[in-house]
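Quick note: the sequence shown, position 65, residue 65 per the UniProt record's numbering, numbers continuous.
Okay, so here's the structure we're looking at.
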Amino acid sequence: YDAVNCGTVEVDRLRARLAELPVPRMFDGRLVLAVDATPWLRPDGETCPDRLFCHVSGRGRRGAKQRIPGWPYQLVVALESGPTSWTAALDVVRLGPADDATAVTAAQLRAVVDRLTAAGHWRPGDPPIMVVLDAGYDVHRLAFVLADLPVHLIGRIRADRVLLGPAAPRPNGAAGPVGRPRRHGPAMALADPSTWPAPTTRTVTDTARYGPAEASGWARMHPRLEHQGAWADHPGQLPIVEGTVIRLTVAHLPGQREAKPVWLWSSHTGADTGDDPDAFTAEVIRCWQAYLRRFDLEHTIRLFKQTLGWTRPKLRAPEAADRWTWLIVAAHTQLRLARHLAADLRRPWERPLPTERLTPARVRRGFRQLRGKI
């Protein structure tokens with residue numbers, strides 16, 4: 001406890017080193033990042049500074065959603081393909097009481113992309129880095145703030161959102177209505193199928209876990225922004241943040257549970273692929289497949305808490321919690337790098353797994369025996 005409370009961690013050097021290590025990729029070499037926040041709950045730490053009310057679900061007998069005091073942390077990881085739950089942790093930040101969550105996320109992603117570029121993982125001419133986010137993030141504002149970065153944002157949106165298409169151009173030589181040109185086209189209410197225009201693309205893909213997956217994509221859709229909330233201080237006319245709306249439906253969830261449609265919004269537009277229909281369709285498929293891999297980050301968070309003991313210490317100072325968090329990130333990185341060296345120390349009821357498919361928990365069991373191999 002003395003080391004965690006009074007010691008130091010060179011965070012900048014550690015962040016740079018994490019970016020220099022081998023980073024997993026998807027889609028024939030494309031970088032895919034995932035962002036999510038999780039709380040370090042401190043409900044009884046009344047003297048702990050910088051606590052926030054964190055949204056928590058699944059606790060208690062009924063599993064109702066609650067707001068419990070704690071320290072929220074936000075992680076950025078790189079995802080990989082294949083039957084695995086491994087991720088590469090690249091950064092973590094703690095959200096403070098005065099922080100704007102969207103501004104913190106934008107700054108964190110900008111720093112991660114800069115470090116990956118400096119390390120040579122992304123070069124000019126490479127496909128944009130895909131970033132997947134769950135519901136709760138302001139994906140439209142993030143897309144506007146990060147428009148200068150080589151990233152495509154994919155975020156889940158509520159099923160009751162209303163988005164707008166592009167305004168129809170005024171015919172040449174035709175007398176138009178008096179006043180300024182229209183900025184918005186017809187509205188698309190996600191909850192009202194009668195307002196949906198014909199999709200730009202529609203595909204059906206067979207999946208092993210979910211059965212046939214049908215994805216429909218509508219290009220160049222944007223929300224109607226207003227001078228309030230995060231946009232209250234925006235100077236001048238509000239921007240039009242165009243992207244692609246994706247509706248994903250699957251036959252079933254694991255366990256034969258009923259699956260509801262999932263709505264996604266991607267900052268990718270048809271113009272990004274040169275208005276090539278086949279390229280646009282392929283990008284839509286990559287978007288929803290990348291989003292489904294986002295759940296690997298939830299497995300990583302569960303590993304941090306349940307196996308590596310991330311939130312187990314009873315620390316009072318948030319700075320000490322930050323140091324311990326970075327130690328957990330470093331430990332997880334060592335496990336990831338040693339995953340192909342560890343032996344499978346399975347329990348009697350567990351099935352044998354080949355070395356390339358060992359889970360993080362199994363690698364941790366065999367990690368102590370690696371000294372002779374390193």
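Idealized CB from N, CA, C, for every residue including glycine.
Run of the alpha helix (DSSP H) containing threonine 207, from where it starts to where it stops = From DSSP, threonine 207 is part of no alpha helix (DSSP H) but of the beta strand (DSSP E) over 201-207.
May I ask you to verify whether the stretch 323-337 touches the stretch 345-358, counting CB pairs closer than 8 Å and requiring at least 3?
-> no
Cβ pair count under 8 Å reaching 3, the stretch 312-325 against the stretch 237-252 = no
From this set, Ala168, Leu264 and Pro235, which residue's C-alpha is nearest aspartate 160's C-alpha?
-> Leu264
Can you find at least 3 beta carbon pairs, one from the stretch 161-168 and one from the stretch 219-233, that sit closer than 8 Å?
-> yes
Can you say whether threonine 47 is buried or exposed, counting buried as having 16 or more other CB atoms within 10 angstroms of its CB?
-> exposed
Limits of the beta strand (DSSP E) - the one that phenylalanine 53 falls within | 52-56
Rounded straight-line distance, which links the Cα of glutamine 369 to that of histidine 55 | 40 Å
Label glycine 120 either buried or exposed according to how many other C-beta atoms from any shown protein chain fall within 10 Å of its C-beta, with 16 as the threshold for buried.
-> exposed
Does DSSP classify histidine 222 as helix, strand or coil?
-> strand
Helix, strand or coil for glycine 29 per DSSP?
-> coil
Under a three-way DSSP split, which group does histidine 340 fall into?
-> coil
Name the one or two DSSP bridge partners that glycine 211 has.
-> Thr207
Secondary structure of alanine 187, DSSP reduced to three states = strand
Look up glutamine 108 in the DSSP assignment and give the residues it is bridged to.
-> According to DSSP, which records beta bridges pairwise, glutamine 108 is partnered with nothing at all.
Chain-order list of residues whose beta-carbon lies under 6 Å from that of arginine 294 (same chain, five-residue window excluded) = Ala34 and Val132
Can you tell me which of the three DSSP states proline 39 falls into?
-> strand
Return the residue from the list Ala98, Arg158 and Trp218 that minimises the CA-CA distance to proline 261.
-> Arg158
Could you check the C-alpha separation between residue 451 and alanine 88 for me, to the nearest Å?
-> Here the chain covers residues 1 to 374 and nothing more, so residue 451 does not appear.
Quick one, which of Arg357, Val32, Glu214 and Ser194 has its alpha-carbon nearest alanine 259's?
-> Glu214
Using the Cα positions of leucine 18 and aspartate 126, report the straight-line distance between them to the nearest angstrom.
-> 21 Å
What do you reckon, are the CB atoms on phenylalanine 53 and proline 43 nearer than 8 Å?
-> no
Cross-strand partners of aspartate 91 (DSSP beta bridge) | Val76
Status (buried if at least 16 other CB within 10 Å, exposed otherwise) for aspartate 233 = exposed
Grouping DSSP H, G and I as helix and E and B as strand, with all else coil, what is alanine 317?
-> coil
What is the rounded straight-line gap between the Cα of leucine 21 and the Cα of leucine 315?
-> 30 Å
Let me know if arginine 67 comes out buried or exposed under the rule of 16 or more other beta-carbons within 10 Å of its beta-carbon.
-> exposed
Any idea what DSSP makes of alanine 119, helix, strand or coil?
-> coil
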